[in-house]
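Numbering (full-length UniProt numbering), first residue to last: 1 to 286. Just below is one structure, and these are the notes that go with it.
Written out as structure tokens, the structure reads:
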């Protein structure tokens with residue numbers, strides 16, 4: 001019987017969508033019926049468990065799932081015995097303290113002695129301790145933003161992405177205490193066969209992430225300025241230089257980090273580069 005990895009994924013929401021999109025971009029086919037709690041990939045030894053995100057660290061610790069994709073906020077808050085395999089780079093957000101918009105705020109000392117409502121008592125408690133503050137923590141789940149409006153707490157500590165939910169509830173963000181993104185976590189001590197499957201999966205994920213951070217660049221350049229342009233556009237090893245019908249020009253093809261390209265664009269143009277194309281890369285294997 002072929003060994004399969006079990007991977008736990010949030011059953012719905014932004015983290016679920018990002019996780020499934022990542023897996024599918026790896027070329028893994030996931031049949032899923034609406035409301036299903038389990039599924040198996042048809043072309044990779046992977047079985048999916050669709051769970052509540054706050055349950056995933058515990059399931060991975062207990063070996064019910066070998067792998068899990070979960071927000072760093074949940075991984076740290078639940079504090080389970082799991083191995084962090086990889087930072088996946090999506091579902092980025094922050095855990096922040098917010099207070100009613102009309103209240104003045106002069107600094108973190110203003111929070112001392114206040115009551116704060118949160119679904120993340122561990123992360124918040126650790127932060128307050130580091131800051132030397134004594135606050136009353138009200139642990140609640142869901143609808144944290146309403147707490148100041150109903151007199152339950154003076155402030156809240158909750159996940160913030162765009163800040164629109166805070167605005168809708170007449171709150172303002174005053175302290176960001178934790179940054180989060182999707183993580184791949186694993187059960188400690190997996191056997192060699194399962195670790196081998198994880199390596200195959202991570203090979204595909206790394207190829208996607210490397211591609212996402214780089215772009216394929218094509219440009220035309222005067223032959224006399226090739227050395228200058230090559231110094232501005234370092235390739236993976238050595239750029240490709242191809243002849244053109246106009247013998248005074250060549251075509252240069254290379255791969256470069258997108259941020260590096262934009263910081264060099266004016267210098268490239270000044271060196272005579274023209275007809276510049278920037279093309280996304282689907283996968284990149286180094």
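Note that the Cβ used here is the ideal one computed from N, Cα and C, for glycine as well.
Going by other Cβ atoms of all chains shown within 10 Å of its Cβ, with 16 needed for buried, is residue 77 buried or exposed?
Buried is the call here.
If you follow the alpha helix (DSSP H) that residue 165 is in, where does it begin and where does it stop?
Counting along the chain, the alpha helix (DSSP H) containing residue 165 begins and ends at 164–168.
Does residue 229 get closer than 8 angstroms to chain C when you measure Cβ to Cβ?
The structure shown contains no chain C; it holds only a single protein chain.
Below 8 angstroms on the Cβ atoms is my guess for residue 214 versus residue 256; work out the distance and round it to an integer in Å.
Contact between residue 214 and residue 256 holds, with the beta-carbon distance rounding to 7 angstroms and staying under 8 angstroms.
Could you give the C-beta distance for residue 31 and residue 42, rounded to a whole number, given that I count them as a contact under 8 angstroms?
Indeed, because the Cβ distance is near 6 angstroms, the residues count as touching under 8 angstroms.
Rounded to whole angstroms, how far is the Cβ of residue 178 from the Cβ of residue 246, which I believe are closer than 8 angstroms?
Between the beta-carbon of residue 178 and that of residue 246 there is about 56 angstroms, and that puts the pair past the 8 angstroms contact cut.
Within 10 angstroms of its Cβ, does residue 194 collect 16 or more other Cβ (buried), or is it exposed?
The residue is buried, with at least 16 neighbouring Cβ atoms inside 10 Å.
Identity of the residue in 29, 48 and 26 nearest residue 36 by Cα
Nearest option by C-alpha distance: 48.
Report the three-state DSSP secondary structure of residue 124 (helix, strand or coil).
Here residue 124 sits in helix by DSSP.
Any chance the stretch 155–170 sits against the stretch 192–209, with 3 or more Cβ pairs inside 8 angstroms?
No, because fewer than three Cβ pairs between the stretch 155–170 and the stretch 192–209 fall closer than 8 angstroms, the two stretches do not touch.
Just the Cα atoms here: how many angstroms apart are residue 70 and residue 116?
If you draw a straight line from the Cα of residue 70 to the Cα of residue 116, it comes to about 25 angstroms.
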